[in-house]
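Here is the structure we will look at.
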């Protein structure tokens, strides 16, 4: 499964530039290298994010999944996945 990473800045929010996608295995490798917090685009479905959380829990990691709101609009959020 591939998940779309969140944009790095809001300046190019209007552009349709392609987002970076990562597989769950790539994310797991980065977590084992020391990167523990990942931010994902809202275009990922909540169901896919729950599947990702389950994948990391099966790999014996503690996982926290949150929606991070960065504006007042309901559609202004990203997913935060913290892998411990």
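Residue numbers (the numbering used here): 53 to 136. For glycine and all other residues, C-beta sits at the position ideal for the given N, C-alpha and C. No experiment lies behind these values; they were computed from the predicted model shown.
For residue 98, three-class secondary structure by DSSP:
helix
Specify, as a first and last residue, the run of the alpha helix (DSSP H) that residue 19 falls within.
The structure shown does not extend to residue 19, since the chain spans only 53 to 136, so no value can be given for it.
Mind reading off the beta-carbon distance from residue 95 to residue 56? Whole number of angstroms is fine, and I expect it under 8 Å.
6 Å
Helix, strand or coil at residue 105 according to DSSP, with G and I counted as helix
helix
Going by other Cβ atoms of all chains shown within 10 Å of its Cβ, with 16 needed for buried, is residue 139 buried or exposed?
The structure shown does not extend to residue 139, since the chain spans only 53 to 136, so no value can be given for it.
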